[in-house]
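Participant: Heads up: the sequence shown begins at 2 in the numbering used here, then just goes up one per residue. Shown below is the structure under consideration.
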Amino acid sequence: MFILFGECLQTGRDRAGLRKCDRCDREEEFFHITEVNYFSLFAIPVFPVSKVADYFVCGECETSYASKDHLQPSHFDSVKIVITYILTGYGMANEIRCMHEIANAVVGISFPMEEIKRSIRGIGDEDVFKLLGTAGTTMNARAKFQVIEAAFLSTHVCCEIQYEDRLRINLMGNVLGVSLSFVETAIQNVRANNFYGVRRLFRQT
């Protein structure tokens with residue numbers, strides 16, 4: 002007798018009432034999204050193994066939020082962390098204006114100087130990949146897409162992208178729970194949009 006076991010994904014989308022959406026700038030109906038991996042026996046869910054996603058989303062614009070009470074979309078902090086982490090890693094922590102331009106280009110938000118300085122001070126004490134992995138459960142696909150865009154654009158402005166640079170972006174996608182093809186699509190979207198008009202910080206040869 003063969004016993005078939007494995008994992009299956011259970012998804013939920015429940016009404017969560019009305020609240021103001023930061024992107025729509027008005028009150029909209031929200032939904033609570035959950036995705037949970039279950040151990041399965043003969044394709045029947047038996048018990049939960051891990052929570053893949055748990056966030057709230059605006060029914061109008063599909064912007065995701067970490068909770069119903071969070072006023073800021075769930076990926077904004079991750080976008081800022083990625084920008085700071087990458088530029089600082091390339092020795093360009095002083096390029097405050099560029100960090101702001103990238104954040105504004107990708108998600109349309111400001112990245113004030115004082116916030117950038119705080120982020121730079123804290124970046125050495127944080128495991129950025131662990132932070133992204135945790136934050137990823139509070140994001141929908143579009144939010145993760147913009148985090149990858151920010152990672153690629155931040156790398157693009159600093160250097161001619163080599164294998165290890167692309168590997169870092171792929172790893173960020175991995176901890177966010179997206180595929181390599183998803184990462185590639187985000188990268189190609191930045192290229193198709195002419196890198197959102199953000200200039201590189203080095204002179205091309």
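In this text, a Cβ means the ideal position worked out from N, Cα and C, and glycines have one as well. In this text, all values refer to a predicted model and were calculated from it rather than measured experimentally.
Can you tell me the Cα-Cα spacing of A17 and E161, whole angstroms?
Facilitator: Roughly 45 Å separates the two Cα atoms.
Participant: Would you report the Cα separation of N190 and R122, rounded to the nearest angstrom?
Facilitator: Near 31 Å, if we compare the C-alpha coordinates of R122 and N190.
Participant: Could you tell me which whole alpha helix (DSSP H) segments of length 4 or greater appear in the segment 16 to 64?
Facilitator: Complete alpha helix (DSSP H) runs here, min 4: none at all.
Participant: Out of A193, E185, I149, V176, which one is the CA nearest neighbour of F77?
Facilitator: Measuring from the Cα of F77, the nearest candidate turns out to be I149.
Participant: CB-CB under 6 Å to F57, same chain, minus the five flanking residues each way: which ones, in chain order?
Facilitator: Cβ neighbours of F57 beyond the five flanking positions: A17, F31, H33, Y66, K69.
Participant: Quick one: residues in its chain with C-beta nearer than 8 Å to the C-beta of S75, no 5 flanking neighbours on either side, listed in chain order?
Facilitator: Taken in chain order, the residues that qualify are Y56, S65, Y66, A67, A136, T139, M140, A144.
Participant: Going straight from the alpha carbon of E8 to that of V107, what length do you get?
Facilitator: Roughly 35 Å between the two C-alpha positions.
Participant: Hey, quick one: how far does the alpha helix (DSSP H) through F183 stretch, first residue to last?
Facilitator: Element bounds for F183: 181 to 193.
Participant: Is G13 helix, strand or coil by DSSP?
Facilitator: Note: G13 maps to strand in three-state DSSP.
Participant: Relative to the C-alpha of G178, which residue among L154, G92, G134 is closest?
Facilitator: The shortest Cα separation from G178 among L154, G92, G134 belongs to G134.
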